[in-house]
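Everything in the sequence shown is counted per our numbering, starting at -2 for the first residue and increasing by one. The beta carbon of each residue, even a glycine, is placed where N, CA and C say it ideally should be. I have placed the structure first, in the form of structure tokens, so that the comments after it can refer back to it.
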Amino acid sequence: MVKLPHSQLDAVFHALADPTRRAILTRLSQGERSIGELAAPLNMSFAGASKHIKALEQAGLVQRTVQGRNHICRLEPEPMAQAMQWLQSYEHFWTERLDALEQALRQSEPSTPKE
């Protein structure tokens, strides 16, 4: 079952709700990047990108290390995997309802005459 405390699960979903943070995570899925490298394609300042990185760090999705003047970020996928587990716990619920809807739609279809 999901191991994240509610507050961390909330932080993960809050972080994932922002398209800029999702774009940052996509870039980090390809490897470590400096904050400057993450900010450049998004046309944002270092300070703006740093605020997004902080939200990702609070959710546990990113780890930042400082190497001299460079802040290097890397993806920490475990909280995302645990959030996915939480979402998958509803898979049975939705599958059951979609199956019931399919069955209801098939029963309401007018039968076509056979030739």
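Legend entry - Alpha-carbon to alpha-carbon, residue 107 and residue 71: Spanning the two alpha carbons is a distance of roughly 56 Å.
Inset, instruction - Output yes or no for whether 7 Å exceeds the beta carbon distance between residue 56 and residue 9. - result: In this structure, residue 9 lies closer than 7 Å to residue 56 by Cβ.
Legend entry - Contact between the segment 46 to 63 and the segment 90 to 102 (3+ Cβ pairs under 8 Å): No, the segment 46 to 63 is not in contact with the segment 90 to 102.
Legend entry - Opposing strand residues paired with residue 67 [DSSP bridges]: 64.
Legend entry - Identified DSSP bridge partners for residue 31: Bridge partners of residue 31: 69.
Legend entry - 7 Å Cβ shell around residue 67 - same chain, five flanking residues per side excluded: So the list reads 31, once near-sequence residues are dropped.
Inset, instruction - Compare the C-beta of residue 92 against all C-beta atoms of chain B and say whether one is closer than 7 Å. - result: No chain B is part of this structure, which consists of one protein chain only.
Legend entry - Buried or exposed (CB count within 10 angstroms, at least 16 for buried), residue 21: Label assigned to residue 21: buried.
Legend entry - residue 80 burial status per 10 Å Cβ neighbour count (16 or more: buried): Buried is the call here.
Legend entry - Spatial neighbours of residue 26 in its chain, beta-carbon cut-off 7 Å, leaving aside the 5 residues before and after: Hits under 7 Å: 72.
Legend entry - Residue of 77, 29, 86, 40 minimising C-alpha distance to residue 7: Residue 7 has its Cα closest to that of 77, out of 77, 29, 86, 40.
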